[in-house]
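Scroll down for the structure; my scribbles are underneath it.
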Amino acid sequence: PQTIYLKDYTPPEYLIDNVELHFDLDEQNTLVKARLYMRRNPQSADRAASLTLTGEELELVSISIDDKQLAAEDFVITSEAMTIHQVPQEKAFVLSIENRINPKANTALEGLYLSSSMLCTQCEAQGFRKITWFLDRPDVMSRFKTTLTADKSQYPVLLSNGNKTGHGDLDHNRHWVSWEDPFAKPCYLFALVAGQLECVADSFTTKSGRDIALEIFVEQHNVDKCAHAMQSLKNAMRWDEDTYGLEYDLDLYMIVAVDHFNMGAMENKGLNVFNTKFVLARPDTATDADYEHIEGVIGHEYFHNWSGNRVTCRDWFQLSLKEGFTVFRDQQFTGDRTSAAVKRIEDVNALRTRQFAEDAGPLAHPIRPEAYIEINNFYTLTVYEKGAEVVRMLHTLLGEAGFRKGCDLYFARHDGQAVTCEDFINAMEAANGIELNQFRRWYSQAGTPVLTVSQQFDTEAQQLRLTLQQSCPPTPNQPQKAPLHIPVKLGLLAADGSPAAIILDGRQHQEITLNLTQTEQTFVFDKLAQQPVVSLLRGFSAPVNLNMPRSLEELAFLLQHDSDTFNRWEAGQQLAVKVIFDLIEDLHQQRPLHLNALVVNAFHSLLAEEGDDLSYQALLLSLPDESYLAGQMPIVDVEAIHHAREFVKTTLAHDLRDDFARVYRIHHRDESGKFSADAIGRRRLKNACLSYLNQLESGESFALAKAQFEQARNMTDQMAALSAIVNSHHPDKAACLESFYRQWQNEALVIDKWFALQASSHMPNTFATVQKLMQHPAFDMHTPNRVRALIGAFSQANPLHFHAKNGEGYRFLADQVLALNTLNPQIASRMVTGLAQWRRYDGKRQELMKQQLHRIASTEPLSKDVYEIASKSLA
Ligand code: BAL
Ligand code: ZN
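In this text, residue positions in the sequence shown follow the working numbering: the first is -13, and each later residue adds one.
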């Protein structure tokens, strides 16, 4: 397969100003008629008279230029493109193409496909070429008029981008609807939907007084699960006006929820298509986390209307321009709507466990990659989450007002254009009168930098000398790294835990952001009567690995006193990390295990606290994930990590049984249907206690979990209880799983949870359960949510069993990847990443993982998607 390089970018040779599309929709035989109003691009240096359009899996019916049919020798068609040897050069022309497609055969879910009984599209990144021949690249922007015709009974609702301009009936029970989108857009933002859908309608009045119709389309049985999504949309619209001064532009905003979807959702202009997972919620079917994610994703897709649609990407290497920025915007939104402290911790936790692993492995790439084989493989944690961190650092460096000025200028300069990451930074620079040359390296360098800190206190001079060193490990094709511009937020704490004044270069601060730009820099803080405790990298001000030696006592002190909510939590995490690694060493030396009393005391104090952010308190009680711990070990010891962590959890449960039980009782009440911060916080805190108490495996703890399971009237509590039951030797486990299944068998999203919970269980026999579940009538390889729930959860959220020493987990995963490879390459390649980290494991596991990667890589035919991930993982 061919590699595409950023350095080879050239402007398109032709432009398509207007597009008229006509669809005769049919499940297996859809006729597409396209009229493309084209002309040469004056910006293109190329002078060839030919025209090449991308197109895949299309059957040509007819082709003409300016209504003159082309002869067979006038063009050639390959599996990926059509080249017309000669097109008019001096004038604009109309290229008309008719072709047929088969949506039902489209199991890859790119282009036009069938989801349950509805027809829908997914065109990002390169799905439009599976609809008709086109210049399928984001820098070709066109105005679209679309007419849909279909059987009126089977497809009563016919939707596309923009505003509805007409509709009518046809013979043979068919009907038509036409749509017009006044905004020029790349074809990746095109969408159509046809089906038997109910519409949940509402409206929103913009700041400038325009009324926008809001419509959510779902299947009939889901009408009662749309209220939260609708409210989220209105919240997002108001927030973007208040925070970024950005208003919605069309008169209509539509969201359609579909069962079969490769991603979370898609920001098609005026017609978002969503995975049902990010729309549907009712208190008894969705957890608090689901509610939060729905609001976040609805916000994300809405925010794309400006950061992505009005200003789009020039080419796919610039993906982070819209994704990193939009993730940052949705993070801000959720932080404002819920608890900013909790949101930041959740985001950093995900970044450090998952993106840091990607950035340290064979698939590491800069947030603006320089080469790809299959662009779908670059919708990564790096492009999205690290991309958002890079935007966040700009926000930190420029301040709220400076960042906003930069955004205003970016949108004003580039409205209606397809631009680059460079244009974004240029706007930030111009609006703030600064230069960000060194900062630009964050866009081109891969890898997680390491920030090493040392300190020296001079009692006599009353000075603290803080030395910061940065380095960054080599990544594929980048052996050497240049120093980055790293914003390091810092506070100082006095011995009594109160803030100590920061005096740097004669100026006094409460908190300061240091600019680390060199490989090593020393900062001198004056007028300190006593050595302060340094709270560094507050709010996780840069995506780096912090290497700062701390004693357990210092960490316990910060856990008690740090006023920075992120660093307070982080101190607790690092305390646990240190203790767990000491225990792992004890395991290796076959010494008996003891839990340091400092940890027990710290947890005892946390359980006695009466804070107002209960969700935050629940997070303070959480132990670092096994995957985060794995990321901290040079060679991952899967079993030792699991046993040491379980030992800490179980010992805490034994020693603090009464505390956990008391806090559980205080917060256990029925508030089903209540989504106030308090009610959510109470559920989180209570369920954190339940999870500890469950470690006791006693008659009492079994009864507690069972009672909660039976009495729960909201999914958060029901799932927390079932999770406790599944992850223990509960005598009623099988019966509870069975009754949960029977209760929810008609709610696909709840059944996904049922699969995922069993697949991620750390109890023995999990692998046998997973194999059995593969044969369950409700399992379906054609449904990405189901594949992610079973195969994804097992291979990505169950390190203990996936990495079983005998290699059965690896073989299983490779079997499934190969089965998915022909059905749905995008989902298949996502699953391969479970094997990509083979270098991090012991020699025997390395061999077993490599064997399976080789087996995958040598299979033919292999999709580009899977080939790229498998071959790069082995390189
Ligand atoms: N653009 C693909 C889905 C998303 O990031 O919103
Ligand atoms: Zn996005």
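By construction, the Cβ of each residue, glycine as well, lies at the ideal position given by its N, Cα and C atoms.
E421 has its CB no nearer than 7 Å to any heavy atom of ligand 1.
Within the stretch 113 to 155, the complete beta strand (DSSP E) runs of at least 3 residues fall at 128 to 137, 143 to 146, 149 to 155. CA-CA distance, E595 to L605, rounds to 13 Å. In the three-state reduction of the DSSP assignment, T273 falls in the coil class.
Under the three-state reduction of DSSP output, C407 falls in the helix class. Between ligand 1 and the CB of A251, the shortest heavy atom gap is smaller than 7 Å. Taking a C-beta distance under 8 Å as the contact criterion, E375 and A336 do not qualify as a contact pair. The three-state secondary structure of M249, taken from DSSP, is coil.
In the three-state scheme derived from DSSP, where H, G and I count as helix and E and B as strand, F61 is classed as strand. With 16 or more other Cβ atoms inside 10 Å of its own Cβ, D851 counts as buried.
Linking A57 to N418 through their CA atoms gives a straight-line distance of about 58 Å.
With a threshold of 7 Å, the Cβ atom of E360 does not count as near ligand 1, since no heavy atom of the ligand is closer than that.
I621 sits exposed, since fewer than 16 C-beta atoms from the chains shown fall within 10 Å of its C-beta. Using a Cβ-Cβ distance cut-off of 8 Å, the stretch 175 to 195 and the stretch 360 to 368 are not in contact, since fewer than three pairs of beta carbons, one from each stretch, lie closer than that value. Bridge partners of P485 according to DSSP: L479. The beta carbon of D316 lies closer than 7 Å to those of G282, G285, H286, F289 in the same chain, with the five residues before and after it left out.
When secondary structure is reduced to three states using DSSP, P168 falls in the strand class. Approximately 6 Å separates the beta-carbon atoms of R524 and G477; this is inside 8 Å, confirming the contact. Minimum Cα-Cα distance from Q603 among the listed residues R323, I331, S103 corresponds to I331.
Taken through DSSP and simplified to helix, strand or coil, V586 comes out as helix. Boundaries of the alpha helix (DSSP H) harbouring M760: 752 to 760, taken from the DSSP string.
Residue pairing by DSSP puts S521 in a beta bridge opposite G477. When H279, K329, D270 are compared, the shortest CA-CA separation from Q704 is found for D270. The alpha carbon of H547 has as its nearest neighbour, out of V186, N291, N92, A480, the alpha carbon of A480.
A Cβ-Cβ distance of about 18 Å is found for the pair D167 and R123, leaving them out of contact under the 8 Å criterion. Of D611, A528, R648, K739, the smallest CA-CA separation from T434 is found for A528.
Secondary structure note for F260: its beta strand (DSSP E) is the uninterrupted segment 257 to 261. If you compare the alpha carbons of R426, L839, D(-6) with that of D301, the shortest gap goes to D(-6). N4 is bridged by DSSP to Y23, R129.
When the beta-carbon positions are compared, L561 and L541 come within less than 8 Å of each other. Within the stretch 498 to 579, the beta strand (DSSP E) runs of at least 3 residues that lie entirely inside it are, in chain order, 498 to 502, 506 to 511, 519 to 522, 531 to 533. Note that the C-beta distance between N258 and M252 is below 8 Å. Here R33 carries a coil assignment [DSSP, helix/strand/coil]. Not one heavy atom of ligand 2 lies closer than 7 Å to the C-beta of H207. The beta carbon of S36 sits closer than 8 Å to those of T69, I70, H71, Q72, V73, all from its chain and outside the five residues before and after it, given in chain order. For a cut-off of 8 Å, the C-beta gap from S164 to T132 is around 7 Å, short enough to register as a contact.
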